[in-house]
Amino acid sequence: MKPKIFIIGAVVLLLLVVGFMIKDLFIDSPGNVNPYAFDLNSLRKGDTSQCMYSEDQQIKPAGSEIHGISTDASGNIYISGKDTLEKLDSTGKVAWIKAYPGNAECIHVDEKGNIFLGMEDHIELLDANGTKKAAWNSPSAEAVLTSIATSGKDVFVADAGNKLVYRYDYLGNIELKIGQKDPSTGVPGFIIPSPYFDLAMDPDGSLWVANTGRHELEKYTREGKLISSWGKASMEVKGFCGCCNPSHFAIFPGGFVTAEKAIERVKIYDMKGNFVCLVALPESFEEGTKGLDLAIGAQNAILVLDPVKNLVRKFIPKKKES
Amino acid sequence: MKTLRLLIFLVLLSTIQTSTYAIQRFPKPEFESGYTQPQTLMPHGRAEILSYLDVAVLIIALTFISWVIIRKRSRNWVFWTSMFSLAYFGFYREGCVCAIGSIQNVSLALFDSSYVIPVTVIAFFILPLVYTLLFGRTFCAGVCPFGAMQDLVAFRPQKLGTRLNAILGIIPYLYLGLAILYAATGTDFIICRYDPFVGIFRLNASFGMFFFAGTLLVSGIFIARPYCRFLCPYGVLLNWFSRFSRQHMTITPAHCIQCRLCENSCPYDAIEIPLTEKNPENRKTRVKKLIIIIFLLPLLTFTGGWTASLLHTSLAGVHSKVKLARQVLHPVKDEKQAETFEIQAYKSSGKPEAQVYQEALVVLERFKTGSWWVGSFMGLVFGLLIAGKMLKKYDPDYVPNKGRCFSCAKCVDYCPVKPEKN
Numbered sequence: 012m013k014p015k016i017f018i019i020g021a022v023v024l025l026l027l028v029v030g031f032m033i034k035d036l037f038i039d040s041p042g043n044v045n046p047y048a049f050d051l052n053s054l055r056k057g058d059t060s061q062c063m064y065s066e067d068q069q070i071k072p073a074g075s076e077i078h079g080i081s082t083d084a085s086g087n088i089y090i091s092g093k094d095t096l097e098k099l100d101s102t103g104k105v106a107w108i109k110a111y112p113g114n115a116e117c118i119h120v121d122e123k124g125n126i127f128l129g130m131e132d133h134i135e136l137l138d139a140n141g142t143k144k145a146a147w148n149s150p151s152a153e154a155v156l157t158s159i160a161t162s163g164k165d166v167f168v169a170d171a172g173n174k175l176v177y178r179y180d181y182l183g184n185i186e187l188k189i190g191q192k193d194p195s196t197g198v199p200g201f202i203i204p205s206p207y208f209d210l211a212m213d214p215d216g217s218l219w220v221a222n223t224g225r226h227e228l229e230k231y232t233r234e235g236k237l238i239s240s241w242g243k244a245s246m247e248v249k250g251f252c253g254c255c256n257p258s259h260f261a262i263f264p265g266g267f268v269t270a271e272k273a274i275e276r277v278k279i280y281d282m283k284g285n286f287v288c289l290v291a292l293p294e295s296f297e298e299g300t301k302g303l304d305l306a307i308g309a310q311n312a313i314l315v316l317d318p319v320k321n322l323v324r325k326f327i328p329k330k331k332e333s
Numbered sequence: 002m003k004t005l006r007l008l009i010f011l012v013l014l015s016t017i018q019t020s021t022y023a024i025q026r027f028p029k030p031e032f033e034s035g036y037t038q039p040q041t042l043m044p045h046g047r048a049e050i051l052s053y054l055d056v057a058v059l060i061i062a063l064t065f066i067s068w069v070i071i072r073k074r075s076r077n078w079v080f081w082t083s084m085f086s087l088a089y090f091g092f093y094r095e096g097c098v099c100a101i102g103s104i105q106n107v108s109l110a111l112f113d114s115s116y117v118i119p120v121t122v123i124a125f126f127i128l129p130l131v132y133t134l135l136f137g138r139t140f141c142a143g144v145c146p147f148g149a150m151q152d153l154v155a156f157r158p159q160k161l162g163t164r165l166n167a168i169l170g171i172i173p174y175l176y177l178g179l180a181i182l183y184a185a186t187g188t189d190f191i192i193c194r195y196d197p198f199v200g201i202f203r204l205n206a207s208f209g210m211f212f213f214a215g216t217l218l219v220s221g222i223f224i225a226r227p228y229c230r231f232l233c234p235y236g237v238l239l240n241w242f243s244r245f246s247r248q249h250m251t252i253t254p255a256h257c258i259q260c261r262l263c264e265n266s267c268p269y270d271a272i273e274i275p276l277t278e279k280n281p282e283n284r285k286t287r288v289k290k291l292i293i294i295i296f297l298l299p300l301l302t303f304t305g306g307w308t309a310s311l312l313h314t315s316l317a318g319v320h321s322k323v324k325l326a327r328q329v330l331h332p333v334k335d336e337k338q339a340e341t342f343e344i345q346a347y348k349s350s351g352k353p354e355a356q357v358y359q360e361a362l363v364v365l366e367r368f369k370t371g372s373w374w375v376g377s378f379m380g381l382v383f384g385l386l387i388a389g390k391m392l393k394k395y396d397p398d399y400v401p402n403k404g405r406c407f408s409c410a411k412c413v414d415y416c417p418v419k420p421e422k423n
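Here the protein sequences come in this chain order: A and B. Numbering-wise, the numbering used here comes out as the position in the first sequence, counting from 1, plus 11. Numbering-wise, the numbering used here comes out as the position in the second sequence, counting from 1, plus 1.
Laid out in structure tokens, this is it:
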């Protein structure tokens with residue numbers, strides 16, 4: 012090759028360097044965004060073949076800001092939120108709507124129809140008609156009550172602020188604090204990085220708690236003894252990812268229903284914690300949706316409270332194609 | 002020597018590790034398994050005594066290389082000294098502190114009284130200039146790690162020709178002007194930002210930085226020392242100082258015998274071809290040229306200053322305060338496009354919009370003045386280059402151009418003349 016070609020090539024490269032400097036210095040690239048941002052887009056694309064449920068019904072509640080959902084033994088649906096409490100029948104027909112001042116972050120209806128509301132830092136007890144019977148003392152100034160479950164004479168309440176589960180009696184007295192870190196008994200303590208801390212009763216009377224920071228569900232006796240746990244941190248659909256998931260869960264015959272944030276999805280696991288299927292794919296929800304509270308409705312329908320769309324969404328198993 | 006250079010370059014190349022792309026689970030998980038996380042320790046700053054050691058090494062290296070070039074006239078010794086400098090100032094000191102970047106520290110210290118410039122940085126700025134004033138650009142020859150790095154890859158250097166050399170030779174002046182402007186206004190240290198070899202010295206850099214260095218090194222195979230000749234802003238200062246050097250490396254140790262053996266020996270086109278006074282210009286022509294230059298210099302200086310002052314808003318756009326004000330004034334309308342870091346930080350700061358504009362206006366005013374200076378400087382440089390072309394210097398011998406010559410001593414081996422014995 013002639014030297015001239017070398018010179019031209021080398022000069023072009025040199026000018027390329029100068030051009031790069033000028034571009035970098037004076038021309039703002041439109042994509043000047045966080046280069047370290049975690050791109051969840053690929054993970055948000057759920058595998059439809061793993062989804063065994065379909066959305067059957069969307070129920071529009073009366074309240075404009077909804078937080079909690081629960082069902083009673085008859086399949087009636089109770090929805091709590093800001094300044095509103097409502098009861099619907101299993102088909103979504105309104106039974107009653109009450110103005111209820113305050114922000115009821117969570118709701119639970121026991122076997123007798125008593126309604127428990129978690130009013131951020133304390134519990135309020137209502138009768139089956141939604142009339143207030145009692146307001147219990149706040150366990151502490153830092154309390155952020157996020158979930159309630161009952162079993163016999165016990166009322167279990169999850170406190171995300173103090174990272175504890177309280178066992179109350181029906182008079183509002185705290186009998187036991189569960190989940191305090193204790194290396195001598197092997198209780199690892201709850202890691203709750205965000206105000207999503209759910210619990211539910213196992214059919215055998217023991218308590219399941221979502222230790223979200225560990226991406227696990229942990230099973231405790233009513234005395235607070237850790238029996239077992241399942242769940243693993245994973246970016247795969249079988250695991251839980253993000254800082255703290257599952258944000259919500261519910262127990263239905265034969266398994267668990269879980270809801271996650273960051274990658275918004277609803278899944279089913281069997282009682283041993285094996286992944287069964289997806290109920291709702293991430294694309295079913297608005298990006299950034301948090302607080303997908305769950306309840307089990309009539310005929311084991313899965314009720315998902317969608318606070319962003321302000322809907323209660325009913326999912327039922329897909330009909331098998333003949 | 003060529004094989005040796007290739008070998009050293011390949012060894013250096015093999016040590017480079019590009020950073021691996023890794024995805025971390027978001028955000029950092031919290032551990033409460035009883036494991037006590039060790040307290041994060043900040044690495045201690047470099048001991049002050051060691052920074053003085055750097056200055057001592059610089060003085061020793063400059064003294065030694067100057068002796069090697071002026072007295073010993075040995076290319077081999079120059080090469081090995083430059084390899085030592087590459088190892089010490091390049092790989093051991095990871096390219097910092099460096100004389101080239103010190104221009105910015107000095108500029109900032111001159112214009113910002115709150116900035117305290119370290120003594121070692123002043124030493125790294127001044128010492129090479131002092132030695133250049135005494136012995137020519139011996140710093141470039143054997144102490145600057147940038148030069149050493151580029152010397153390793155100059156396998157097939159080509160002559161660029163006077164015109165191309167002159168055109169590309171403008172870039173360092175512009176780079177120097179902008180580097181001083183941006184440092185003095187507290188905008189950015191652009192010399193460090195576009196330091197091509199720091200990634201190699203630190204064996205760690207982004208792909209872009211390695212690509213930047215790689216492009217320069219590939220061009221350096223055919224254009225010897227492209228950074229030194231056509232980019233280095235410190236080289237501009239060294240060029241000026243070297244023109245007035247007390248002693249300078251000579252091609253011949255005695256009298257030039259016009260054998261022309263050295264004519265093509267310089268890979269940097271820094272040997273002046275003899276220009277004898279066969280047809281000397283008459284006095285009238287020279288006076289006419291001088292008058293033209295006297296008028297041209299202030300005209301070009303003013304035109305340069307005025308032109309650059311028109312561009313001051315574009316130049317100021319690099320400053321973070323001006324950039325923010327523009328983004329606040331013209332917010333992104335596309336909702337899908339994420340907000341920049343600057344806008345996010347501004348929104349969370351609660352700073353009033355008027356204050357953002359006020360701060361940007363202060364910066365713009367400073368740039369208006371600074372742009373005048375940079376433009377005037379560039380106009381003056383143009384004028385002096387034209388003057389240099391118009392007023393030819395007559396020299397019957399092959400001599401190094403004192404400004405452009407790196408004193409690398411590559412040409413001395415070509416000279417058959419033996420030193421005269423006293």
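In this text, a Cβ means the ideal position worked out from N, Cα and C, and glycines have one as well.
Check                                                                                                                                       : Outcome
Start-end ranges of the alpha helix (DSSP H) lying completely within the stretch 274 to 318 of chain B, minimum 4 residues                  : 284 to 311 and 313 to 317
Neighbourhood of residue 232 (chain B) by C-beta, 7 Å cutoff - its chain only, sequence neighbours within 5 removed                         : 172, 173 and 176
Proximity of residue 246 (chain B) and residue 135 (chain B) at Cβ, strictly below 8 Å                                                      : yes
Proximity of residue 292 (chain A) and residue 57 (chain A) at Cβ, strictly below 8 Å                                                       : yes
Whole alpha helix (DSSP H) elements within the stretch 208 to 277 of chain B, 4-residue minimum                                             : 208 to 223, 227 to 231 and 234 to 244
Bridge partners - residue 373 (chain B), DSSP secondary structure assignment                                                                : Beta-bridge pairing links residue 373 (chain B) to no other residue.
is_contact[residue 155 (chain A), chain B] using C-beta, thresh 8 Å                                                                         : no
Residue 401 (chain B), DSSP secondary structure in three states                                                                             : strand
C-alpha distance - residue 88 (chain B) paired with residue 99 (chain B), whole-angstrom precision                                          : 14 Å
Three-state secondary structure (DSSP) of residue 343 (chain B)                                                                             : helix
Spatial distance of residue 347 (chain B) from residue 317 (chain A) (CA atoms)                                                             : 33 Å
8 Å Cβ cutoff, residue 33 (chain A) in contact with chain B                                                                                 : no
Boundaries of the beta strand (DSSP E) in which residue 81 (chain A) is found, first to last residue                                        : 77 to 82
Whole-angstrom distance between residue 39 (chain A) and residue 1 (chain B), CA atom to CA atom                                            : With chain B covering 2 to 423 only, the question about residue 1 (chain B) has no answer from this structure.
Coil, strand or helix - residue 278 (chain A) by DSSP                                                                                       : strand
Residue 156 (chain B) classed as buried or exposed, judged by whether at least 16 other C-beta atoms fall within 10 angstroms               : exposed
Within-8 Å CB hit, residue 363 (chain B) to chain A                                                                                         : no
Between the CA atoms of residue 140 (chain B) and residue 169 (chain B) - distance to the nearest angstrom                                  : 22 Å
Beta-carbon contacts of residue 341 (chain B) that lie in its chain and below 7 Å, excluding the five residues immediately before and after : 328
Cα-Cα separation, residue 68 (chain B) to residue 358 (chain B)                                                                             : 56 Å
Buried or exposed by the 16-neighbour rule on C-beta atoms within 10 Å, applied to residue 105 (chain B)                                    : buried
Short CB-CB distance (under 8 Å) between residue 154 (chain B) and chain A                                                                  : no
Delimiting residues of the alpha helix (DSSP H) encompassing residue 17 (chain A)                                                           : 14 to 37
Within 8 Å, strictly: CB atoms of residue 167 (chain A) and residue 210 (chain A)                                                           : yes
Outcome for residue 302 (chain A) when other beta-carbon atoms lying within 10 angstroms are tallied against a minimum of 16                : buried
Reduced DSSP category for residue 191 (chain A) - H, G, I as helix; E, B as strand; rest coil                                               : coil
Beta-carbon neighbours of residue 323 (chain B), restricted to chain A and to distances below 7 Å                                           : By Cβ distance, chain A contributes nothing, its closest Cβ being about 12 Å from residue 323 (chain B), past 7 Å.
Cα-Cα separation between residue 258 (chain A) and residue 330 (chain B), rounded to whole angstroms                                        : 40 Å
Residue burial classification, residue 401 (chain B) (beta-carbon count within 10 angstroms, cutoff 16)                                     : buried
Rounded Cβ spacing between residue 90 (chain A) and residue 323 (chain A) (contact assumed at less than 8 Å)                                : 7 Å
Within 8 Å, strictly: CB atoms of residue 183 (chain A) and residue 191 (chain A)                                                           : no
With 16 other Cβ atoms within 10 Å as the buried cut-off, status of residue 276 (chain A)                                                   : buried
First through last residue of the alpha helix (DSSP H) which encompasses residue 49 (chain B)                                               : 49 to 68
Close Cβ partners of residue 23 (chain B) (< 7 Å) along its chain, the five nearest in sequence each way excluded                           : Reliability of the predicted coordinates at residue 23 (chain B) is poor, the pLDDT of 44 falling under 50, and the value obtained from them is presented with this limitation in mind. Once the five neighbours on either side are set aside, residue 23 (chain B) has no close Cβ partner at all.
Helix, strand or coil at residue 146 (chain B) according to DSSP, with G and I counted as helix                                             : helix
Per-residue DSSP class, three states only, for residue 212 (chain A)                                                                        : strand
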